[in-house]
Amino acid sequence: MKLQQSNPDPLMRCPFNGAHLVTKSRLQHHIIKCSVNYPNHFICPFNALHRFLNKEEYTQHLIDCPDAALSLPWKYSQTTKQGDLKQTPFHYGNTHSFHKEFEDWEAEYEQ
Numbered sequence: 001m002k003l004q005q006s007n008p009d010p011l012m013r014c015p016f017n018g019a020h021l022v023t024k025s026r027l028q029h030h031i032i033k034c035s036v037n038y039p040n041h042f043i044c045p046f047n048a049l050h051r052f053l054n055k056e057e058y059t060q061h062l063i064d065c066p067d068a069a070l071s072l073p074w075k076y077s078q079t080t081k082q083g084d085l086k087q088t089p090f091h092y093g094n095t096h097s098f099h100k101e102f103e104d105w106e107a108e109y110e111q
């Protein structure tokens, strides 16, 4: 999808019309405007810039989307303990030092 260019803002090809070349910084704006002409397109749930007119391409993209790892880190993480609630430490706080009978909010308010 990227075209090689020495410019720091590279040209990108529109997912709807391959003849549209847009700078990367303007791609979001262009996709919103261009998607009006293609109402029956599919939007990737992981990256809204990934748009498809073909259901088969969309389905394959959902399997291979590089942004899925960013949206579902528990599924694509390398460590096995991540997401395991049994390993999550629970902090009880300072519950033993709290005594309800010694709390007097009205006296604290008057001071």
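Take 1 as the starting number for the sequence shown in UniProt numbering and just add one per residue.
Every residue gets a Cβ at the ideal spot worked out from N, C-alpha and C, and that includes glycine.
The structure displayed is predicted, hence computed values, not measured ones.
Problem set entry | Buried versus exposed, by CB contacts within 10 Å (16 or more), isoleucine 31 | buried
Exercise. What number of angstroms, rounded off, separates the C-alpha of leucine 70 from the C-alpha of phenylalanine 52?
Worked result: 20 Å
Problem set entry | Bounding residues of the beta strand (DSSP E) (the contiguous stretch that carries leucine 21) | 21-23
Exercise. Among residues of its own chain, excluding the 5 on either side of lysine 24, which ones have a beta-carbon nearer than 8 Å to its beta-carbon?
Worked result: Asp9, Pro10, Leu11, Met12
Problem set entry | Alpha-carbon to alpha-carbon, histidine 20 and leucine 72 | 32 Å
Exercise. Where does leucine 53 sit, in a helix, a strand or coil, going by DSSP?
Worked result: coil
Problem set entry | Inter-residue spacing [alpha-carbon to alpha-carbon] between cysteine 14 and asparagine 47 | 15 Å
Exercise. By the 10 Å Cβ neighbour count, where 16 or more other Cβ atoms means buried, how is histidine 61 classified, buried or exposed?
Worked result: buried
For this session: With a 10 Å radius around its C-beta and 16 neighbouring C-beta atoms as the bar for buried, classify histidine 29 as buried or exposed.
Result: exposed
For this session: Put lysine 72 into one of helix, strand or coil per three-state DSSP.
Result: Looking at the sequence provided, one finds leucine at residue 72 rather than lysine. The answer is coil: DSSP assigns leucine 72 none of H, G, I, E or B.
For this session: Measure the C-alpha to C-alpha separation of cysteine 65 and glutamate 108 and round it to an integer number of angstroms.
Result: 58 Å
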